[in-house]
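Per this note's numbering, the sequence shown runs over residues 372 to 765. We treat Cβ as the ideally placed atom computed from N, Cα and C, and that holds for glycine. Given the structure is predicted, the values throughout are model-derived calculations rather than measurements. So the structure is just underneath, and the comments pick up after that.
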Amino acid sequence: MTANPTTARFHLRPMLPRDPAQPHRTASTLELFFDLVFVVAVSIASAQLHHALSHGDFLHGITSYAMLFFAIWWAWMNFTWFATSFDTDDWLYRVTTFVQMGGVLVVAAGIPRAFTDGDFTITVLGYVVMRIAMVAQWLRASRSAGPLRSATRRYAFGIAAVQVLWILFLVIPSGPWQIAAFVGFALIEIGIPVFAEYRKQTPWHPHHITERYGLFTLIVLGESLLASANAIIEAIEEVESLGPLIAISVLTLVVTASLWWIYFWPPHHRAITSFQRSLRYGYTHYFVFAAAAAFSAGIEVELDVLTGESHLSNVAASFTVTIPIAIFLLGIWWIAIRENADRMVNTVVPIAALLVLLDPVLPVPVTLTALILVGTVVVLILRPPVASADIGEA
């Protein structure tokens, strides 16, 4: 790659489209560093969801969580797909990425106020910072994108235009109108890639993209382990017997390990062989990621019930755990497992997603869910993914 005199003078590289067939393409250290700030944002969002659910404030808690997690997920996903296409790793690219990281931290700082008071000012400010930095990245890419220049400019124009809508979102009072506005603006946001790439698609590296999604999945599953462990430690002094705490801690580890096993069972790179399939894969991951992070909130709700901090019924507390797990299973089955599995696996996984909702049948929280997930993992071990030659199109 040869830089022209102008870019050489400023120690910058032309932001040329990356080779989608580049061998040994892996996540960069900058991408891994970028993910760290999302650990903070996911942790705070999950903690706020836990408090809302524990107090029985289901509607407000779930809608606020869905809205705030959208900001986290969409900012992460946009950067990930841009990086697979145009990552130059020069100093300007790194600095612009650091600006986006700062925006994530501002979003994280505003999450508690958005949950408790419905005040999204700080969150929207941080989100706009992230997105304006993304506009700068796309405009820079347009200079060297060649036949992809129109796509990169549509990205920049679309993202910039939607930020005006998010600023207007701040003047809408809390309630149904605010939720309706959010849904409308979010749909416009996720429509930008379709608008930008409907004629010619930017290149993506299938193994690199799916590795990035796998790494984010590890983040949200790791958050489940960390939050649950902290809650268990805090609850030690509040229970008469350690038996139930030990049981929940063991079962949480078993469930989290099973979810990890199920997620990484299929070869994910096969799921993004076309633009339409990549959209399905990327957008469905909103539910997969959000459910995985909500799982930790559910475990903490179960602990609150155990220690008397929450007056929820056992059935309601159980659903705060099992519904996220069911969503996670159905989501990953739909986008990655279904087309790589035989009939038995394609029967077992969806049924398992439904059966976990029966968890209140047993008196010990999470027990039935753990048994069902372990059984699912056993089936996956016995029935490996189907060879690619045997896989039909979606």
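- Assignment of residue 387 by DSSP, reduced to helix, strand and coil, places it in the coil class.
- Its chain contains 591, 592, 699 as the residues whose beta carbon lies nearer than 6 Å to that of residue 663, once the 5 sequence neighbours on both sides are disregarded; these appear in chain order.
- Take residue 559, set aside five residues on each side of it, and the residues of its chain with a beta-carbon closer than 6 Å to its own are 533, in chain order.
- For residue 580, the closest of 418, 704, 452 by C-alpha to C-alpha distance is 452.
- In the displayed model, residue 746 falls within a helix according to three-state DSSP.
- If the five residues before and after residue 506 are omitted, its C-beta is found closer than 7 Å to the C-beta atoms of 527, 530, 531, all from its own chain and listed in chain order.
- Inter-segment contact for the region 705 to 712 and the region 669 to 680 is absent: fewer than three beta-carbon pairs are separated by less than 8 Å.
- Counting C-beta pairs closer than 8 Å gives three or more between the region 617 to 628 and the region 729 to 744, which meets the contact rule.
- Look at residue 509 here: in three-state DSSP terms it is helix.
- A Cβ-Cβ separation of about 6 Å places residue 525 in contact with residue 566 under the 8 Å criterion.
- In this structure, the CA atom of residue 490 is about 6 Å from the CA atom of residue 484.
- By the C-beta criterion, the region 423 to 431 is judged not to be in contact with the region 451 to 469, since fewer than 3 inter-stretch pairs fall below 8 Å.
- When the Cα atoms are used, residue 681 and residue 690 turn out to be separated by approximately 14 Å.
- The beta carbon of residue 586 sits closer than 7 Å to those of 398, 406, all from its chain and outside the five residues before and after it, given in chain order.
- If you ignore the 5 residues before and after residue 686, its C-beta comes within less than 8 Å of the C-beta of 731, all in its own chain and listed in chain order.
- With respect to the 8 Å criterion, residue 634 and residue 588 are classified as neighbours on the basis of their beta carbons.
- Secondary structure of residue 518 (DSSP, three-state): helix.
- Between the alpha carbons of residue 598 and residue 667 lies a distance of about 6 Å.
- Of all alpha-carbon atoms in 706, 733, 748, the one lying nearest the alpha-carbon of residue 723 is that of 748.
- In this structure, DSSP gives residue 570 a state outside helix and strand, which the three-state scheme calls coil.
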